[in-house]
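Working notes, beginning with the structure itself.
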Amino acid sequence: MLNFSLKRGFDYIIFISVILIVCIGILMIYSATQSLDSNVLWVKQTIWFGIGFLGLMCAVLFDYQLLGKYSRIIYILAIFLLVFVLFGGPLIRSAKSWLVIGPFSLQPSEFAKLATIIILAEYLSTKREGLISMDEFVYPISLVAIPIFLILMQPDIGTTLVFFPVLLVMLYITGSKPVYLATLTSINILILIFTLFLSWGELQLIHKIPFLHFLYRCISSFKYTLISLICLFGLTVGAYYTSKLFRRDIPFNKFGLIFGIIAISLIVSLTADGFLKDYQRKRLVVFIDPGIDPLNAGYNINQSKIAIGSGKLFGKGIFHGTQSQLGFLPERQSDFIFSVIGEELGFTGAAMILFLFLIIIYRGIYIAFSSRDNFGCLLASGIVTMIAAQVFMNIGISLGIMPVTGLTLPLVSYGGSSLFITMTALGILLNIRLRRYLI
Amino acid sequence: MHIQPTESELEKLRQRLVRLTIIIIIAFSILIIRIGYLQIIKGNYYRKVSENNRIRLIPIAASRGMIYDRNSKVLAQDIPSFDIAMIQLGLSKEEIARTLIKLKRIVKINLKEVMEKISEKKNRPFEPVVIVSDVDRKILTRVAERTTELPGIIIQVTPKRYYICGPLCAHILGYIGEISKKELISKHGQGYKYGGLIGKAGIEGYYDVFLKGNDGGKQIEVDVRGRQLRVLGDMEPIPGNNLILTIDSKLQEIVNDALGNKSGAVVVMNPNNGEILAMVSKPSFDPNMFLGHMTPAQAKEIFTDKRYPLFNRAIQALYSPGSVFKIVVTAAALENEIINEGDTYSCGGVYWLGNQRFICFQREKHGNVNVIDALTHSCNIFFYQVGYKLGVNRISKFAREVGLGEKTDIDLPAEAVGLVPSPSWKKKRYGESWYSGETINLSIGQGYILATPLQLAHALSTIVNGGRVFRPRIVKQLIDSSGNVKVFNPWVKRIISLSTQTQKVLFKGLESVVANGTGARAFLSYLRVGGKTGTVQNPTGEDHALFLCFAPVDSPKVVISVIVEHGGKGGIEAVPVARRILEQMDWSIVKEEEKESSS
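Here the protein sequences line up with chains A and B, keeping their order. Position 385 (the first sequence) corresponds to 399 in my numbering; numbering is contiguous. Position 270 (the second sequence) corresponds to 268 in my numbering; numbering is contiguous.
Okay, here's the thing in structure tokens:
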């Protein structure tokens, strides 16, 4: 099946970067866990690397067009698994995120990310030059909303956050109108702000400031929110007529859009807030108010910053990071693996990892551009955005510039499902590159 | 089935992808800038923080010096005491609560109080918080067996001061306690630390610098739970110096028993070198109470007790010496040749000075008395006349010379100064001139004059040893941790002139007090004792009884000053105390000393 031209199309740069990143990851997992009693995580990760490699190769072998063909089946399977894990999954660390099969525990949410990207790419690829009608717009949003809702129920905030940039970028690449994108973006941002605000209020931390307290009361339950929204709608209508009074010809749609954005974000935030556990709220709120819980929620972030900062230019040397080796760093083999890299390999190591990711991303975007069809282009940009967003958010959390939401660093963090899905996704990327001339 | 893009569409796609690339590069630049900021700009800071995270300085307290009596019997020492403590690092509030509930099944604790104590130290989570101090071994083993079930719980050993004879030597030894902020400031630079211990009274206070030693420390690397991984540096503590006191604990016990349950004080000293052989103040307290389990109620009781048990009456309480002061007046009169042994004055029971009326002791009429009779029967009229003739200035000058009205400089803290009045003092203090009636009062030890029991013993010592004013001492030797001995030699502050004739007459009179007079209850057939009784007028209750004596008369080896509060007139209750001491004491402690000082 693979002829000479195919071999020439194989993107060795991405391939080597991936191998390098995973190897560094395994080394860092080995280093981070060597003080633990059971030092087998790096072995498990190596096995998963092998499985991931198979996944990558499989993804390269068949024509990626098949994915488009079966995208609905893949998507439905993913949704089924997400529903299944909610009912049939065990409770691990107070979340229902895992499916345990023998020695392996799988995270359906990882699979759901890729499945959503595939079906989005399939749907959007049929649209030439952007989305025109409203239902063309609502459909992809629903495709994303379903897994987000199911993953939030686990609850797992981190993974859901990846869907937003993926959807935005894929719509953008399709050529949606800027207004739609702006609307979506503002809704995303408002949802984040409202969720943070609700958590903050929930933890009884804002009641010293009367104005904030009042605002919180206004949106603290669906009943109050409804009343608030009616008032807000009244205000909107009022603003519309006021603008007419001043003989400004602004269509009502624009006011309605703003109202709509606020209303939708509020309702989504309230729904999301219902799923959150107190510890998750704390981790979110600690980002705006680091003093609330310096020993628990604030502790992780502090220790991570100390670890990274103390690495200085060249790091403390592998196996010599005191923060990680002595256990000050929490979740150091998974969510905070970057802190271990920062501490033990220093600025050079951290920059190198970032650079390797940038290579993959840059090559990925190039693949998107050079793909032979819209489907390939959208699929590639979706995969690239997924990886880029996850890298940005995970490292951002470690650096204390993002709230702690719980997210793995692709290819590096310990975690079989994440590694396997990321490698398979990269296999698809390579596949798109490989078959760019085949029509 | 899939739509192929046109050229213009391809160009637009290119543009969008370029923008996407730019956004991603910007996002990654933010990361790189942040990493650079943390690692390069703030790298040194975070490196230090990470070091502080893992390195702890565990102070190792130096053991405090031991205190022995003159026969090397231990009076105070450090004994190990075991505390149950918690290191809360890495534990959530719920985990701490769970651990404490489990601990509660083994040892009694107040959950709420302990939780509060732990959360107070929340910002220093690696420092152990003591939950129960001084746990007995039974509970200790039960806790030690279960440490795996009790995360965060550790057992730490701390030296605890223990005073073997409890209340017996309480005032001499004093006690130690946590250093106060004020002490910390005033003793800055002497190696005291916040939360450390410091001697608060007695020997512990006065010799704290010698006793405390220098704390050592251990630099250790710990993991997130505060568990020690390895030792990085070690500085051995230097133990404090041991002290050997001049106190004889057996004598101390005799004195203590002799005084019984009465309030008062006794000082027994060697007049030939200033050594304090025994010093008892009653009521006493148990100094062990100050370290360990003193409940607030106990603390309140001891600090507000109306009988002031913490007060060392021997050196801090001021009494007007009453008739005991006649010894000083007699010596002054003899020295100034106001009287001779044979001079007599008549006593009709009443003495008139102008229109002021002064009466004799117990309104007796002694007839014509010489100095010996006057002392024997404590005839006030005799001393009124002698005192009047002598004049206030000569009395107070002599009293000062023998050591009254100034600190004796004994090596104990918070000694009272006492007071010897004089016209110039009165002018300064009250702005009034001196009345001759006050001279009359002074000549029998009343009025303004005030002295501590130690000062009285000290004054008599000076008189009986022929005029050498010693500095009273309670510490004989200091032995440092490497065994070097520093001996505190007798220290003569000054020598006053005192003729042998004066001594001879005085001794005769004082011996007669015990043989025939007011001090007869101290008479011993085998021992020549000289002494003088006194009454301390007490405006608030029954008079205090005073007795000042020395023995043997031919070569004085011991001076005893006894005060029994509310002990009645004329030393009724004070005299038998001294007698019991003289009867029971081991004389070898003063004989042996003589040999030593002569050699």
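We put the beta carbon where it would ideally sit given N, CA and C, even for glycine.
Listed by chain order, chain A residues near residue i by CB distance under 7 Å
i: K40(B); result: G323
i: K102(B); result: The contacting residues do not exist; K102(B) stays about 23 Å from chain A at best.
i: R45(B); result: S324, K326
i: G34(B); result: F361
i: Q188(B); result: Residues of chain A passing the Cβ test: none, with the nearest at roughly 35 Å.
i: R52(B); result: T336, L340
i: L230(B); result: Residues of chain A passing the Cβ test: none, with the nearest at roughly 12 Å.
i: I22(B); result: I375, A402
i: I30(B); result: A365, L368
Minimum Cβ-Cβ distance from residue i to chain A less than 9 Å
i: D221(B); result: yes
i: L209(B); result: no
i: A25(B); result: yes
i: R144(B); result: no
i: M19(B); result: According to the sequence shown, residue 19(B) is Thr rather than Met. Yes, its Cβ sits closer than 9 Å to a Cβ of chain A.
i: R37(B); result: First, the residue type needs correcting, since residue 37(B) is Gln and not Arg in the sequence shown. True, the Cβ-Cβ gap to chain A drops below 9 Å.
i: I152(B); result: no
i: S131(B); result: no
Cutoff 9 Å: residue i Cβ touching any chain B Cβ
i: V418(A); result: no
i: G410(A); result: yes
i: V36(A); result: no
i: A402(A); result: yes
i: Y44(A); result: no
i: M15(A); result: Low confidence applies to M15(A): its pLDDT is 46, below 50, so where it sits in the model is not reliable, and the reading given next is rough at best. No, no contact with chain B.
i: S49(A); result: yes
i: T199(A); result: no
i: E357(A); result: yes
i: Y376(A); result: yes
i: I442(A); result: no
i: V405(A); result: yes
Opening and closing residue of the alpha helix (DSSP H) in which residue i lies
i: W423(B); result: 421 to 428
i: E118(B); result: 109 to 118
i: W62(A); result: 55 to 75
i: N366(B); result: Unbroken run through N366(B) is the beta strand (DSSP E), 365 to 368; no alpha helix (DSSP H).
i: T156(B); result: Run containing T156(B): none in the alpha helix (DSSP H); it sits in the beta strand (DSSP E), 151 to 161.
The beta strand (DSSP E) enclosing residue i, as first and last residue numbers
i: S123(A); result: From DSSP, S123(A) is part of no beta strand (DSSP E) but of the alpha helix (DSSP H) over 122 to 139.
i: G274(A); result: Unbroken run through G274(A) is the alpha helix (DSSP H), 266 to 289; no beta strand (DSSP E).
i: D76(B); result: 72 to 84
i: F236(A); result: That residue, F236(A), is in no beta strand (DSSP E); its alpha helix (DSSP H) goes 236 to 259.
i: P57(B); result: 53 to 58
Chain B contact residues for residue i, given Cβ-Cβ distances below 8 Å
i: S395(A); result: L15, L18
i: F383(A); result: L11, R12, L15
i: I187(A); result: L11, R14, L15, L18
Identity of the residue in the options nearest residue i by Cα
i: T374(B); options: R526(B), P411(B), L504(B); result: L504(B)
i: S497(B); options: Q444(B), E335(B), R96(B), K363(B); result: E335(B)
i: L368(A); options: S27(B), G385(B), A199(B), R14(B); result: S27(B)
i: L229(A); options: T419(A), V299(A), F211(A); result: F211(A)
i: T538(B); options: G194(B), H564(B), K280(B), F521(B); result: H564(B)
i: L298(A); options: L206(A), Q48(A), F383(A), S324(A); result: L206(A)
i: T199(A); options: L81(A), I275(A), I171(A), T209(A); result: I275(A)
i: A286(A); options: S213(A), N316(A), V158(A); result: S213(A)
i: G175(B); options: P451(B), N270(B), G88(B), I196(B); result: I196(B)
i: V390(B); options: G429(B), Q444(B), A412(B); result: Q444(B)
i: K210(B); options: Y173(B), Q217(B), K180(B); result: Y173(B)
Where residue i meets chain B, residues with beta-carbon distance less than 7 Å
i: G331(A); result: Correct list: empty, because the minimum Cβ distance to chain B is about 13 Å.
i: V183(A); result: L18
i: L372(A); result: F26
i: C232(A); result: Those within 7 Å of C232(A) in chain B number zero; the least Cβ separation is about 32 Å.
Neighbouring residues, chain B, relative to residue i (Cβ below 9 Å)
i: I351(A); result: Correct list: empty, because the minimum Cβ distance to chain B is about 14 Å.
Where are the beta strand (DSSP E) runs, 3 residues long or more, that stay fully inside the segment 213 to 294 of chain B, in chain order?
-> 214 to 220, 226 to 233, 240 to 243, 262 to 267, 274 to 280
Let me know the beta strand (DSSP E) ranges lying completely inside the segment 522 to 567 of chain B, each 3 residues or longer, listed in chain order.
-> 528 to 534, 542 to 549, 556 to 562
Ordered list of beta strand (DSSP E) runs contained in the segment 141 to 207 of chain A, each at least 3 residues = none
Let me know the beta strand (DSSP E) ranges lying completely inside the segment 450 to 480 of chain B, each 3 residues or longer, listed in chain order.
-> 466 to 468, 473 to 477
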